[in-house]
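The opening residue of the sequence shown carries number 255 in this note's numbering; numbering runs sequentially from there.
A virtual CB, placed ideally from N, CA and C, is assigned to each residue, including glycine.
Computed from a predicted model, the values in this text were never measured in an experiment.
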Amino acid sequence: MSDELCFLSAADLRRRISRKEISPSEVTSAVIARAKRLQPELNCFITLCADKALAQAKDAERRIMAGEPLRILEGIPFTVKDIVNTKDVRTTFGAIPYRDNVPDHDAVAVARLRAAGAILIGKTTTPEFGTKCLTDSPLFGRTRNAWSGGRSSGGSSGGAAVAVASGIAPLAVATDGGGSTRIPAACNGVVGLKQSNGVIPHSQAPDAFGNQTYVTPTTRTVADTALMMQVMAGEDASDPWSIGIPARDFVGDALPVGDLSGKRILFCLAPPGRKASADVAAAFSASLKTLEALGAELEEMPGDGFDVEPIWRAINHTVWRTRFEKLAAEHRDELSDTFLKQLALAQRISGVDYQQAMFDRTILFRRVQALLQRADLLVMPTILRTALPIEQDLFGTVEIDGEGVRQRPPELVSLDDALQHDRTSGGEHALRLRCRRAADRPAACRTISRRCRIAAYLRGVRTCAEFSRPLAEHGSSVVVRGVTAGHGW
255 MSDELCFLSA ADLRRRISRK EISPSEVTSA VIARAKRLQP ELNCFITLCA
305 DKALAQAKDA ERRIMAGEPL RILEGIPFTV KDIVNTKDVR TTFGAIPYRD
355 NVPDHDAVAV ARLRAAGAIL IGKTTTPEFG TKCLTDSPLF GRTRNAWSGG
405 RSSGGSSGGA AVAVASGIAP LAVATDGGGS TRIPAACNGV VGLKQSNGVI
455 PHSQAPDAFG NQTYVTPTTR TVADTALMMQ VMAGEDASDP WSIGIPARDF
505 VGDALPVGDL SGKRILFCLA PPGRKASADV AAAFSASLKT LEALGAELEE
555 MPGDGFDVEP IWRAINHTVW RTRFEKLAAE HRDELSDTFL KQLALAQRIS
605 GVDYQQAMFD RTILFRRVQA LLQRADLLVM PTILRTALPI EQDLFGTVEI
655 DGEGVRQRPP ELVSLDDALQ HDRTSGGEHA LRLRCRRAAD RPAACRTISR
705 RCRIAAYLRG VRTCAEFSRP LAEHGSSVVV RGVTAGHGW
């Protein structure tokens with residue numbers, strides 16, 4: 255019964271707790287026991303909060319037995335990526351210099367989850383400051399894939415995705431800037447959403463106006479993602495992008511609509527010069543057939559002219575240099591060689607290079623918007639091969655179908671990265687659904703729609719999820735990703 259509880263969705267747990275069929279203590283005890291049992295194998299936690307979590311579960315039971323109104327997430331366990339602040343629980347940023355850092359306040363998103371009755375069970379692993387697409391650090395070692403210990407979890411929210419995929423908790427707070435939620439979701443077969451800027455306030459962004467990172471939900475179902483959004487979203491004075499964004503009924507928005515009739519979808523397997531593995535190509539083809547079976551009209555689009563790499567490097571590496579150069583000088587012996595090498599790359603970028611990247615970002619944004627004037631969705635793979643080997647080096651050669659290739663190290667981003675990157679598209683929703691397996695491991699694709707169409711987007715991906723449920727039961731995955739826009743699809 256304990257493991258069965260661990261794999262229930264948050265929506266199911268909510269119903270059963272409200273009916274007093276199960277108690278918050280039963281659920282919390284089950285997930286903590288599973289976390290302790292799997293931690294030596296998966297290494298997805300930096301800190302577990304067993305005693306505090308069990309005390310909170312007892313308090314939730316007291317509220318229920320006293321007949322107090324149930325909060326929306328009463329008694330439901332969640333985890334938080336260890337670069338998001340948690341009051342009185344250490345937040346290390348995955349880095350040795352911060353191993354004893356204990357914040358005196360919660361990030362806004364965490365505070366809202368706690369206020370809604372959710373129970374924090376632990377802090378999940380991240381590479382140093384979330385700066386790469388693998389999850390390892392001198393602080394804790396390597397986080398292993400939930401499907402195969404010989405594979406990477408992806409990153410930088412690898413611990414969050416692995417905890418959800420392995421049945422440790424149904425809800426996880428992650429972060430995303432350049433794929434840090436979406437890549438691990440694809441590698442581990444879970445639902446990873448990157449919403450538009452401001453939808454969920456980011457109270458830790460060092461540059462609130464030029465913010466490039468997002469606090470995000472990771473779950474096992476689209477319905478649970480909507481449930482997290484219901485709690486986490488809403489304006490807050492700490493985030494200027496959140497001010498004035500209207501409240502939404504995300505749970506209602508995520509109800510399936512039956513089919514995708516009348517929707518036009520443009521798709522692309524890979525941009526020119528990039529290779530997709532044969533198994534990812536097959537899984538992508540199968541997901542397109544799912545969309546077609548739901549009534550969508552499909553059209554292949556060319557993938558040339560969307561090179562985000564120079565823009566990404568100029569903008570992001572400059573940010574890293576500004577944030578971490580002093581830290582690296584003072585704590586060089588405690589930081590990884592990979593992290594230091596990433597900082598060194600930023601030394602080559604001038605102020606002129608940075609401003610040119612900002613201009614190029616605008617050009618690319620407008621190109622994407624032009625595509626979306628003639629289509630409801632853009633679809634492409636999330637990554638161009640399945641999860642990398644556990645020992646993969648960020649700057650090493652990546653193997654695809656037996657051939658060593660050198661693509662952007664090493665998330666093997668698809669056209670999706672150019673089309674939906676927050677630095678180029680201006681903000682989007684990114685969500686993963688399940689389809690067929692690729693080489694017995696999750697593969698993933700995403701969709702894009704125009705900015706701010708969150709309601710229609712959630713309805714569409716929930717429809718796909720319901721249609722794909724029989725395939726999902728076999729443990730495979732497709733990532734669906736979307737930029738929200740306008741006034742419905």
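Asked                                                                                                                                                                                           : Found
Are the stretch 492 to 499 and the stretch 454 to 468 touching, with three or more C-beta to C-beta distances below 8 Å?                                                                        : yes
How should Ala-423 be labelled, buried or exposed, when 16 other C-beta atoms within 10 angstroms of its C-beta is the threshold for buried?                                                    : buried
What are the uninterrupted segments assigned as beta strand (DSSP E) that are 3 or more residues long and contained completely in the stretch 474 to 554, given in chain order?                 : 518 to 521, 551 to 554
Determine the direct distance from the alpha carbon of Ser-590 to that of Gly-549, and round the result to whole angstroms.                                                                     : 49 Å
Need the endpoints of the alpha helix (DSSP H) that Asp-266 sits in, please.                                                                                                                    : 264 to 272
Under the three-state reduction of DSSP, which class applies to Ile-437: helix, strand or coil?                                                                                                 : helix
The beta strand (DSSP E) spanning Glu-328 covers which residue range?                                                                                                                           : Note, Glu-328: premise wrong, no beta strand (DSSP E); not H, not E.
When you compare only the Cα positions, how much space is there between Arg-713 and Thr-397?                                                                                                    : 33 Å
Is it buried or exposed for Ala-307, if we count other Cβ within 10 angstroms and need 16 for buried?                                                                                           : buried
For Gly-395, list the residues DSSP reports as bridge partners.                                                                                                                                 : Ser-391
To the nearest angstrom, how far is it from the Cα of Ile-565 to the Cα of Thr-475?                                                                                                             : 33 Å
Can you tell me the Cβ-Cβ gap for Gly-408 and Ile-373, rounded? I've got them flagged as a contact below 8 Å.                                                                                   : The pair is not a contact, with the Cβ atoms about 26 Å apart (cut-off 8 Å).
Do Ile-454 and Ala-419 have their beta-carbon atoms positioned less than 8 Å apart in this structure?                                                                                           : no
Rounded to whole angstroms, what's the CA-CA distance from Asp-647 to Val-343? Just pull it up for me.                                                                                          : 31 Å
By a C-beta neighbour count over all protein chains shown, 10 Å radius and 16 as the cutoff for buried, is Ala-672 buried or exposed?                                                           : Residue placement at Ala-672 cannot be trusted, given a pLDDT of 47 that sits under 50; the coordinates are not used to answer.
Below 8 Å on the Cβ atoms is my contact criterion, and I expect Ser-406 with Cys-441 to pass it. Report the Cβ-Cβ distance as a whole number of Å.                                              : 7 Å
According to DSSP, is Val-732 part of a helix, a strand, or is it coil?                                                                                                                         : Here Val-732 scores only 33 on pLDDT, less than 50, and its place in the model should not be relied on; the value that follows carries that caveat. In the structure shown, Val-732 sits in a strand (DSSP, three-state: E or B).
Whole angstroms are fine: how far does the CA of Ile-375 sit from the CA of Thr-333?                                                                                                            : 6 Å
Using DSSP's beta-bridge definition, name the partner residues of Lys-335.                                                                                                                      : Thr-378
How many angstroms separate the CA atom of Gly-540 from the CA atom of Pro-526?                                                                                                                 : One detail in the question is off: residue 540 reads as Ala in this sequence, not Gly. Straight-line Cα distance between these residues: approximately 22 Å.
Taking the beta strand (DSSP E) that Asp-430 belongs to, which residues open and close that run?                                                                                                : 425 to 430
Quick check: the Cα distance between Thr-389 and Gly-348, rounded to an integer number of angstroms?                                                                                            : 9 Å
Starting from the C-beta of Phe-593, find all residues in its chain whose C-beta is less than 7 Å away, skip the five residues before and the five after it, and write them out in chain order. : Glu-382, Thr-385
Can you give the Cα-Cα distance for Ile-300 and Tyr-352, rounded to whole angstroms?                                                                                                            : 12 Å
When DSSP labels each residue in this structure, what does Ser-283 get in the three-state scheme?                                                                                               : helix
If you reduce the DSSP assignment to three classes, tell me which class Val-356 lands in.                                                                                                       : coil
Report the CB separation of Ile-271 from Pro-278 in whole angstroms; it is logged as a contact under 8 Å.                                                                                       : 6 Å
Note down the Cα distance separating Asp-558 from Phe-619, rounded to an integer number of angstroms.                                                                                           : 15 Å
Give the straight-line distance between the Cα atoms of Asp-257 and Val-281, rounded to the nearest whole angstrom.                                                                             : 10 Å
Specify whether the stretch 362 to 372 and the stretch 478 to 487 touch according to this definition: at least 3 beta carbon pairs, one from each stretch, less than 8 Å apart.                 : yes
Can you tell which of Leu-302, Phe-394, Leu-638, Thr-345 has its C-alpha closest to the C-alpha of Asp-358?                                                                                     : Thr-345
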